[in-house]
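Residue numbers (the working numbering): 2 to 218.
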């Protein structure tokens, strides 16, 4: 492709809104977008080819576009109407994703899916409502189901920015996240993240935790 073709392609390209959450992050801490997208990339690889997937707590669905690329159908829910009203605009979402306001604490989704993921959600759930949160996730899944849960590590809380700490009322350690998932799933595989790197290193030094849970009880 020559320079003229590149210029023509650029001139024809529509500038797409990032979404309200991604715009805020881009304005205040751009590198954090990389970390967030790396989490979504992990999910997109684990769920590649899945017929139907649910995202609980999608926010503005900026990262959801990565998962939409690799699955047949993506349902994105969030309890905050403002976020759903100001989502990212992307052809990947238009192609096979449905975005809707739904509070998973109130009920499961009406049409169960093959797999569920929730990134940066459980730390906002009051501990007394955690079982209901998990039960409704399980009830939103066909058959035994698969769940990916991502959350900041409680050991990294002292290094988090004030903005990042807002609403974090149920932070997990490696052990407590695994214990929570193990109450509802027979098999739980744990991973850690530092910045954009997923690994299986020393748990207390992970900034972020990911649990891959299989076969609901």
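Where is the CB? At the ideal position from N, CA and C, for every residue including glycine.
Counting along the chain, no beta strand (DSSP E) covers residue 157, and no H or E run does either. For residue 104, the number of other beta carbons within 10 angstroms of its own is below 16, and it is reported as exposed. Note on residue 23: 16 or more other CB atoms within 10 angstroms of its CB, so buried under the neighbour-count rule.
Taking 8 Å as the cut-off, the Cβ atoms of residue 71 and residue 48 count as close.
As a beta-bridge residue in DSSP terms, residue 173 pairs with 154. DSSP places residue 52 in no alpha helix (DSSP H); its state is neither H nor E. Residue 138: member of the alpha helix (DSSP H) spanning 131-140, first to last residue.
Beta-bridge pairing by DSSP links residue 201 to no other residue. Fully enclosed alpha helix (DSSP H) runs of no fewer than 4 residues occupy 21-29 and 32-47 of the stretch 5-67, in order along the chain.
The beta carbon of residue 51 is closer than 6 Å to those of 72, 115 and 116 in its chain, skipping five residues each way along the sequence. Bridge pairing for residue 212: 150 and 191 [DSSP]. Selection 53, 135 and 11 evaluated against residue 218 yields 135 as nearest (Cα-Cα).
Around residue 143, the same chain offers 113, 114 and 115 as residues with beta carbons nearer than 7 Å, after the five sequence neighbours per side are excluded.
Judged by DSSP in its simplified three-state form, residue 115 adopts strand.
Residue 106 has no beta-bridge partner at all, per DSSP. Per DSSP, residue 167 lies in no beta strand (DSSP E) segment and is marked neither H nor E. Annotated three-state conformation of residue 71 is coil, per DSSP. When the beta-carbon positions are compared, residue 55 and residue 78 come within less than 8 Å of each other. Within 10 angstroms of the beta-carbon of residue 84 lie 16 or more other beta-carbons, which makes it buried.
As the crow flies, the alpha-carbon of residue 57 is around 43 Å from that of residue 3. The Cβ neighbour count for residue 35, taken over all protein chains shown within 10 Å, is under 16; the residue is labelled exposed. Per the coordinates, the alpha-carbon of residue 109 lies some 44 Å from the alpha-carbon of residue 12.
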